[in-house]
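Enquirer:
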Amino acid sequence: MIRLFDQFSKRDITLLDGVWRFNTDPKKVGVTEKWFEIFPETSIDMVVPSCWNNQFGYFQYDGLAWYQTTFTSSKATNKLVFHGISGQAEVYVDGEHVGSHYGGFTGFEVLLKDFSEGNHTLTISVDSEPNDLNTIPLIEADWFHYGGVTRSVELMPLDDAWIDTLKIDYVLSPDLSAVDVTCAVTFGSVVDATDEDLALTIDGQKVFTGSVTVADGSTVTLQHRIDAVTLWHTNNPHLYVITAAIDEDCYTDRIGFRKIEAKDRKILLNGEELYLQGVNRHEEHPDFGFSMPFQLMKKDLDIIKYLGCNMIRGSHYPNAPIFLDLMDQEGMLFWEEIPMWGFKEHQLANEITIERGLMMHEEMIKRDYHHPCVIMWGLHNEVDTDTDAGYNITRIISEKVRSLDSSRPITYATNRADRDICLEFADIIGINKYIGWYFQGLDDWPAYLQNFYDKTAKEGIDDKPIIMSEFGAGAVAGSSSFESPKWSENFQSDYLDFTLGLYKSEKRINGALVWQYCDIRGSKWNEMGRPRNFNNKGLVNEYRQPKRAFDMVKHHFSS
Ligand code: ADA
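Under this note's numbering, read the sequence shown as residues 1347 to 1905, first letter to last.
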């Protein structure tokens, strides 16, 4: 399953998931030896989608690897759609290089034109290797860096003209009773301009029909007003289904009409003040890596809702589209970001870092623009925002994000709020702090928070809402002790009891996102020296079994 609804009902889509041929290429000889023409005899079977690290014998492999499969085309024009490939991907069809892409958590597509019917060979090289300068993420990141064709691959046959994108914008009336919807339908075509009958339907009601001239890249913009709109809300996640159709093609998306604002120290959903309570969640499982089955995603969301959360931070990368579909229809709020994690000044100053950061934000926003669950875009996580390079990249990326989406607040997670020089670019301030775990003691929290409030007043940014975007303590599942030493479940539960109680009592704090929902694998070589090489700050362990702290957090979130 790619989405929870049929996005292209007229396309005869072939899912290319299955068993492909696979060969690692640690010496990087695949191009010179033309593996895209003659695939190595040494190749083995590999499941797509999957992370190769989860296949027996490939746990530690980081680097270049090649995949190959065959497919049958029925039309002269086709799209190959790749929903997620880690790192740098190069795509070859019948030995010809046809596309490339950087970034592991948003997809890309390759258009094949003048294509012959029959069998074809698809070869992909995947270079998952992070470096310590300008890959996103860097080699130093606090999670296991999986590699592979991690999400599904689709073959979409097309006719001479098709609907390439459907972009939906809207403006709610001041009293939120009505909405003006604008749909921009952009076409693709392999022939000269043709006249097509275009129909636009909203929840099955035809709101436009007419003949339009279609050329490659042409756009038709349609307006429609819904006088009595049903808003999307966490307790009534109402979705509208919008479809643009021509004879040969049909493009459907879902959207929820809602208003999200950050102003006057408040976060407002449809004019109502929100207190965001939730968890940071890695889309990861030790047996599946980043290629989690949908059933597990659903189980995670059910557990998180049972915990009493209204928000998830997708720490630290765009999640699978189907998980956002699920949050849309179950009314969960989402903070989405790219994996720009822990970048230092020299890495932020690097031109390729900036270029890749802008591109990854653009892909994320264009991919997830319609999801009502996404209420804020996160620019980065714990980067050197107390430096000039941090200021420069935060300014550049925030301008780009606002140009792509003026409807959502911008945030980022800072671990140096007291000396941060970039907060002017954030609509919502996100503070990561582990007082009482990594340093100091729980009693130091109130002074820290007061000092930060004073800083915001001094800098004239005290109208911005503040959320505690990360805080927590490690607990090795099953470790219980009356003495509550660090790494015991008792310590973690006591830590979260104190911090959640404190934040809720602070009128300047608009939310608290526990680090973290579940235990996750640590980085390959355990540079952080974590017990059992897992990040053990989960409320549940990696197999989603609850620790003592789970009930403590549930108590706070339900009171
Ligand atoms: C940071 C980081 C998280 C995780 C956490 C921890 O805040 O953003 O990804 O590494 O620390 O567990 O220390």
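We put the beta carbon where it would ideally sit given N, CA and C, even for glycine.
Is A1530 near the ligand ADA, judged by its Cβ being under 7 angstroms from some heavy atom?
Expert: No - the ligand ADA has no heavy atom lying nearer than 7 angstroms to the Cβ of A1530.
Enquirer: Going by Cα to Cα distance, which pick from T1370, V1377, I1813 is closest to P1755?
Expert: When each option's Cα is compared against that of P1755, the closest is I1813.
Enquirer: In terms of alpha-carbon separation, which member of D1488, K1893, V1437, S1753 lies closest to G1516?
Expert: In the sequence as displayed, the identity of residue 1516 is Tyr instead of Gly. The residue with the shortest Cα to Cα distance from Y1516 is S1753.
Enquirer: E1691: which of D1734, I1649, N1656 sits nearest, CA to CA?
Expert: Cα-wise, what sits closest to E1691 is D1734.
Enquirer: Let me know the secondary structure DSSP gives D1311 once reduced to three states.
Expert: There is simply no residue 1311 to check, as the chain begins at 1347 and stops at 1905 in what is shown.
Enquirer: I'd like to confirm the pairing. Which residues does DSSP put opposite A1914 in its beta bridges?
Expert: Nothing about residue 1914 can be reported from this structure: the residues present for the chain run from 1347 to 1905 only.
Enquirer: Anyone know if the C-beta pair for N1626 and Y1863 falls short of 8 angstroms?
Expert: Result yes, Cβ atoms of N1626 and Y1863 sit closer than 8 angstroms.
Enquirer: Which runs of the beta strand (DSSP E) at least 3 residues long sit entirely within the segment 1576-1602? Give them in chain order.
Expert: Correct list: 1586-1591, 1596-1601.
Enquirer: Just to check my reading of the structure: Y1597 and A1590 have Cβ atoms closer than 8 angstroms, yes? What is that Cβ distance to the nearest angstrom?
Expert: Right, their Cβ atoms sit about 5 angstroms apart.
Enquirer: Just to confirm, does S1519 get its C-beta within under 7 angstroms of one of the non-hydrogen atoms of the ligand ADA?
Expert: Not under cutoff, so the answer is no.
Enquirer: Note the first and the last residue of the continuous beta strand (DSSP E) segment covering D1488.
Expert: Element bounds for D1488: n/a, residue is neither H nor E.
Enquirer: Please identify the residue among Y1407, A1422, D1473 whose C-alpha is closest to the C-alpha of V1437.
Expert: For the residues Y1407, A1422, D1473, the minimum Cα distance to V1437 belongs to D1473.
Enquirer: Classify D1541 as buried or exposed, calling it buried when 16 or more other Cβ atoms lie within 10 Å of its own Cβ.
Expert: Exposed: under 16 other Cβ atoms inside 10 Å.
Enquirer: Looking at the unbroken beta strand (DSSP E) that takes in N1424, where does it start and where does it end?
Expert: Where N1424 is concerned, the enclosing beta strand (DSSP E) stretches over 1423-1428.
Enquirer: Measure the beta-carbon distance from Y1758 to F1451 and round it to whole angstroms, keeping in mind my assumption that it falls under 8 angstroms.
Expert: Incorrect: roughly 17 angstroms between the Cβ atoms, too far for contact.
Enquirer: Is the closest heavy atom of the ligand ADA to the C-beta of S1869 under 7 angstroms?
Expert: Every heavy atom of the ligand ADA is 7 angstroms or more from the Cβ of S1869, so no.
Enquirer: Please name the residue, chosen from D1408, P1718, G1617, that lies closest to I1485 on a Cα-to-Cα basis.
Expert: Nearest of D1408, P1718, G1617 to I1485, Cα basis: D1408.
Enquirer: Rank S1419, D1633, G1493 by C-alpha distance to the C-alpha of E1463 and give the top, closest one.
Expert: Ranking the options by Cα distance to E1463, first place goes to S1419.
Enquirer: Determine the contact status of D1595 and D1543, defining contact as a CB-CB distance below 8 angstroms.
Expert: For D1595 and D1543, no; Cβs fall outside 8 angstroms.
Enquirer: Drop a sphere of 10 angstroms on the beta-carbon of Y1849, count the other beta-carbons inside from all chains shown, and report buried for 16 or more, exposed for fewer.
Expert: Counting Cβ neighbours within 10 Å, Y1849 comes out buried, since at least 16 surround it.
Enquirer: Suppose the cutoff is 7 angstroms on Cβ atoms and the five residues either side in sequence are ignored; what does the same chain contact list for F1382 look like?
Expert: Result list for F1382: Y1438, G1441, T1469, in chain order.
Enquirer: Beta carbon of N1424, beta carbon of L1479: below 8 angstroms?
Expert: No, the pair does not count as a contact, with Cβ atoms beyond the cut-off.
Enquirer: Confirm, please, whether the CB-CB distance from K1804 to H1491 is below 8 angstroms.
Expert: Cβ atoms of H1491 and K1804: not closer than 8 angstroms.
Enquirer: Which residues mark the beginning and the end of the alpha helix (DSSP H) in which R1748 is found?
Expert: Here the alpha helix (DSSP H) through R1748 covers 1734-1750.
Enquirer: Would you mind sorting N1338 into buried or exposed? The rule is 16 or more other CB atoms within 10 Å of its CB.
Expert: Nothing can be reported for residue 1338: it is not among the residues displayed for the chain, which extend from 1347 to 1905.
Enquirer: Measuring only from the beta carbon, is W1833 closer than 7 angstroms to any heavy atom that is part of the ligand ADP?
Expert: Looking for the ligand ADP in the displayed structure turns up nothing; the ligands present are the ligand ADA.
Enquirer: How should M1898 be labelled, buried or exposed, when 16 other C-beta atoms within 10 angstroms of its C-beta is the threshold for buried?
Expert: With 16 or more other Cβ atoms within 10 Å, it is buried.
Enquirer: Using DSSP with H/G/I as helix, E/B as strand and the rest coil, what is N1480?
Expert: Three-state result, N1480: coil.
Enquirer: By the three-class DSSP mapping on this structure, what secondary structure does M1347 have?
Expert: If DSSP states are grouped into helix, strand and coil, M1347 belongs with coil.
Enquirer: Per DSSP, what kind of secondary structure is G1885 in: helix, strand or coil?
Expert: The sequence shown places Leu at residue 1885, rather than the Gly named in the question. Correct three-state label for L1885: coil.
Enquirer: Is the segment 1887-1896 in contact with the segment 1818-1832, if contact means three or more CB pairs nearer than 8 angstroms?
Expert: Because the criterion of three Cβ pairs below 8 angstroms is met, the segment 1887-1896 and the segment 1818-1832 touch.
Enquirer: Take N1465 and list the residues in its own chain whose beta-carbon comes closer than 7 angstroms to its own, dropping the five residues that flank it on each side.
Expert: Cβ neighbours of N1465 beyond the five flanking positions: T1416, T1418.
Enquirer: Which two residues bound the contiguous beta strand (DSSP E) that contains P1503?
Expert: Residues 1499-1504.
Enquirer: So R1713 and F1351 are supposed to be a Cβ contact under 8 angstroms. How far apart are they, rounded?
Expert: Not really, about 15 angstroms apart at Cβ, beyond 8 angstroms.
Enquirer: Relative to the alpha-carbon of Y1621, which residue among H1901, A1858, S1535, T1388 has its alpha-carbon at the smallest distance?
Expert: Of H1901, A1858, S1535, T1388, the residue nearest in Cα terms is A1858.
Enquirer: Would you mind listing the beta strand (DSSP E) stretches within the segment 1651-1729 that are 3+ residues and don't spill past its ends, in chain order?
Expert: The segment 1651-1729 contains these whole beta strand (DSSP E) runs: 1657-1659, 1679-1683, 1720-1727.
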